[in-house]
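Colleague: After the structure tokens below, expect a handful of questions from me.
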Amino acid sequence: MPLHLAPQYANDTLHGRPATRYWPDKPSNLTAIAIKMLQQTTSANEILRYQTVYEVLVAKRYPRAHVALFDLFELISDIYADPAQYLNRSVLTKASDYEHHCDVAGEVCAYEYDHAYPDSFMWWDELHPSGKMHEIIAQEVAQVLEGQSRYASYWSDGADGRQTG
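Numbering (this note's numbering), first residue to last: 1428 to 1592.
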């Protein structure tokens, strides 16, 4: 996930949260937090990308296996860049908006727009994707399993006569 886009970690003065129920003593430098999250998620994704190719094609650890690496980071980034293409835009919200707002103690919570437009939000709360996002991700995972996703890379070790990469 591109966690640097989540309101919990975002460098967004309107929607980046200075403190939340998940991180009540959050430091005030939102820019440093967003950059750190971007670095960490990018690094982890690159390790997985290179390690997967190595495991399948070089080490041949999974004979006759067909492997797909789903790039959730890219999918979420695309939705964030163009939310109108993916989300119900009945309510004019930004991709960084979220539906379920709570105080720092997590004791007083309320839904934005009284939960009338759940398909309009990318984020359910400061940290978690919305129900609509889960639906979009599930649809894309189905495409990955069918070998049809533009958000996946596919490999086979070639033991069955096919080698991809």
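Idealized CB from N, CA, C, for every residue including glycine.
Terminal residues of the continuous beta strand (DSSP E) containing D1452?
Modeller: Indexing the sequence shown from 1 puts residue 1452 at position 25. Premise fails: D1452 is in no beta strand (DSSP E) and is neither H nor E.
Colleague: With distances taken between CB atoms, is the gap from M1464 to L1502 smaller than 7 Å?
Modeller: Numbered from 1 along the sequence shown, position 37 holds the residue referred to as residue 1464. Numbered from 1 along the sequence shown, position 75 holds the residue referred to as residue 1502. No, these two residues do not count as a Cβ contact at 7 Å.
Colleague: So, with DSSP's three-state summary, where would you put F1500?
Modeller: Stepping through the sequence shown from its first residue, residue 1500 is reached at position 73. Helix, per DSSP.
Colleague: Terminal residues of the continuous alpha helix (DSSP H) containing A1565?
Modeller: Position 138 of the sequence shown, counting from 1, holds the residue named residue 1565. Element bounds for A1565: G1558 to L1572.
Colleague: In whole angstroms, what is the alpha-carbon distance linking G1533 and N1515?
Modeller: What you label residue 1533 is simply residue 106 of the sequence shown in a count that begins at 1. What you label residue 1515 is simply residue 88 of the sequence shown in a count that begins at 1. Roughly 28 Å between the two C-alpha positions.
Colleague: Pull the bridge partners of V1494 from the DSSP assignment, please.
Modeller: Numbered from its first residue, the sequence shown carries residue 1494 at position 67. In the DSSP output, where bridge partners are listed per residue, V1494 has W1582.
Colleague: Less than 8 Å between the CB atoms is what I'm expecting for Y1538 and V1518, so what's the real figure, rounded?
Modeller: Here residue 1538 is taken as the residue at index 111 of the sequence shown, counted from 1. Here residue 1518 is taken as the residue at index 91 of the sequence shown, counted from 1. With a Cβ gap of about 12 Å, Y1538 and V1518 do not count as contacting.
Colleague: Between the beta-carbon of W1582 and the beta-carbon of V1483, is there less than 7 Å?
Modeller: Locating residue 1582 in the sequence shown gives position 155, where the first residue counts as 1. Locating residue 1483 in the sequence shown gives position 56, where the first residue counts as 1. A contact, by the Cβ cut-off of 7 Å.
Colleague: Using C-beta distances below 7 Å, list every residue in its chain close to R1488, excluding the 5 sequence neighbours before and after it, in chain order.
Modeller: Here residue 1488 corresponds to residue number 61 of the sequence shown, with the count starting at 1. Excluding residues within five positions, the ones whose Cβ falls inside 7 Å are E1482.
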